[in-house]
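In the working numbering, the protein residues as written are 28 to 567.
Backbone N, C-alpha and C fix where the C-beta goes; we use that ideal spot for every residue, glycine too.
Notes follow the structure.
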């Protein structure tokens, strides 16, 4: 291969990734790689006066890295004393960032299930381990970070320092224990997320997936028995599919979300006659809960009760159990839930009214045909209506051209040009993740080219979830070709999503990403610096 080809950033990083593969590393957890010149000097470091656009859109995984760049009093690790660094986010994923430049600012959702219950002066409890805590709080409450009056939130730490497929139960025992305590305290509504199906579904460990289903089944039985004894109405459902599908239609292994429907089971110890449930979508769960609690549905909720003819025998208490990633799959050996020994699930499915809910694509505000995800799932469940998701908003903006005229993005690019600074794009190397798309950095490169910017650097986050295992080198090479075609930009660093987008409070992981982007710390890949005018020369 010609030396000039090897000098390109994407090609150099692709070679380094292959070396890390040989050492046993995977895309999700790849250690930082930084591009250096022939004198071993890092290329494209983030410096004071520069502008950074964080091209991820979802939320809970983006918080820690955003804190590191944007919070003035951040003290988790050492940082330079940046006085004039502009940090732009695509969407608002936490209220603490409301004063940052936000390209696609959200409209907060009013009259969510949690807010309506709070207004009725009822008590509610949310319980999840840290892997899914934001989903039963921030997303469930319509992008509101503050608990409503009467709402108590319990966060159980997920396991750290060990691959999840080695501990398929995760912290489910502690989650179940907190739910049992909530039942004893007689909360009016308890919402809990069992994270296992999604977290383990993302792994390639067949045995762990089957074991995961069995462990979920056991804990499900434990909390259902306690809730029945306490006279709770119990609603069991899921936010999207994942665990139920080990193999794709082409025979390859599946480790991603699916577009399958999810189950819904209604358990009412007061039921005097069989209840018929209608098919629906996730947005129909909140109206059903309100009906059980004896609370009027607000007009903002356009979902419809799944049990319109049910006689609830007065105002009740309710337990909503969300089995994360527990979709409806084929009844064959491609489905870990079918293969597992799940006597509780089998009994509940047989004894109580059940139906299926749409949890993907347009039914949850995503693009047509797109697999569901935890953010969309919990947001639709909590809102009681279809909520247009950020990926759809951004896709519409890309299609109608409004992305390229977005006021915040245009202002950021103009600032870079006026100050003769550098533009840095942090993006996820994927085409279909719920956390982002490489299309956004590419669109910004086109904007940079149109504005005659020269110093533009790409900092890549390798996915390892929505992408095929081992695909990062080929994707880097494809990206390099796209960058070359646009005519501006250089790929200068890369790091695994499990480090850069940690959501479990492990700031040591966040620091590795920050240090790679800012200090040029990491495994080096040698390349030649782009022949663009330096800041000093341009000023001269």
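CA nearest to the CA of residue i, picked from the options
i           : options               : result
residue 410 : 125, 327, 35 and 41   : 327
residue 132 : 76, 180 and 418       : 418
residue 337 : 348, 364, 506 and 305 : 305
residue 214 : 221, 222, 205 and 482 : 205
residue 80  : 118, 283, 147 and 424 : 118
residue 162 : 532, 379, 401 and 503 : 401
residue 303 : 223, 507, 246 and 333 : 333
residue 497 : 523, 472 and 511      : 523
residue 389 : 408, 415 and 376      : 415
residue 375 : 255, 363 and 41       : 255
residue 46  : 421, 60, 431 and 270  : 60
residue 297 : 279, 287 and 257      : 257
residue 101 : 552, 534, 545 and 540 : 534
residue 546 : 38, 105 and 36        : 105
residue 182 : 219, 191, 193 and 146 : 219
residue 510 : 474, 539 and 224      : 474
residue 340 : 260, 448 and 309      : 260
residue 149 : 179, 108, 525 and 226 : 179
residue 147 : 543, 323, 477 and 532 : 323
residue 127 : 164, 114 and 292      : 114
Counterpart residues of residue i in DSSP-defined beta bridges
i           : result
residue 259 : 344
residue 225 : According to DSSP, which records beta bridges pairwise, residue 225 is partnered with nothing at all.
residue 61  : 520 and 551
residue 156 : 183
residue 220 : 349
residue 113 : 78
residue 268 : 285
residue 290 : 383
residue 483 : 450
residue 280 : 274
Buried versus exposed call for residue i [16 or more other C-beta atoms within 10 Å across all chains shown]
i           : result
residue 490 : buried
residue 111 : exposed
residue 358 : exposed
residue 211 : exposed
residue 67  : exposed
residue 23  : Because the chain spans 28 through 567 in this model, residue 23 falls outside it and cannot be assessed.
residue 493 : buried
residue 467 : buried
residue 445 : exposed
residue 157 : buried
residue 49  : exposed
residue 343 : buried
residue 44  : buried
residue 200 : exposed
residue 563 : With a pLDDT of only 31 at residue 563, under 50, the local geometry of the prediction cannot be trusted, and the value read off the model is given with reservation. Residue 563 comes out exposed.
residue 429 : exposed
residue 571 : The chain is shown only over 28 to 567; residue 571 falls outside these bounds and no answer can be derived.
residue 64  : exposed
residue 300 : exposed
residue 30  : With a pLDDT of 33 at residue 30, under the threshold of 50, the predicted position of this residue should be treated as unreliable, and no value is reported.
residue 571 : Outside the shown range of the chain (28 to 567) lies residue 571, about which nothing can therefore be said.
Where residue i falls: helix, strand or coil (DSSP)
i           : result
residue 364 : helix
residue 440 : helix
residue 408 : helix
residue 467 : helix
residue 389 : helix
residue 196 : coil
residue 79  : strand
residue 241 : helix
residue 251 : helix
residue 178 : strand
residue 318 : helix
residue 149 : coil
residue 414 : coil
residue 324 : coil
residue 208 : helix
residue 489 : strand
residue 375 : helix
residue 333 : coil
residue 307 : strand
Whole-angstrom C-beta distance between residue j and residue i, which should lie under 8 angstroms
i           : j           : result
residue 289 : residue 314 : Actually they do not touch by this definition, with Cβ atoms about 17 angstroms apart.
residue 175 : residue 141 : 5 angstroms
residue 202 : residue 154 : 6 angstroms
residue 216 : residue 316 : 7 angstroms
residue 480 : residue 515 : 6 angstroms
residue 58  : residue 530 : Their Cβ separation, rounded to whole angstroms, is 19 angstroms, which puts residue 58 and residue 530 out of contact at 8 angstroms.
residue 503 : residue 71  : Rounded, the Cβ-Cβ distance is 15 angstroms, inconsistent with contact.
residue 397 : residue 387 : 6 angstroms
residue 228 : residue 51  : 23 angstroms between Cβ atoms; not a contact.
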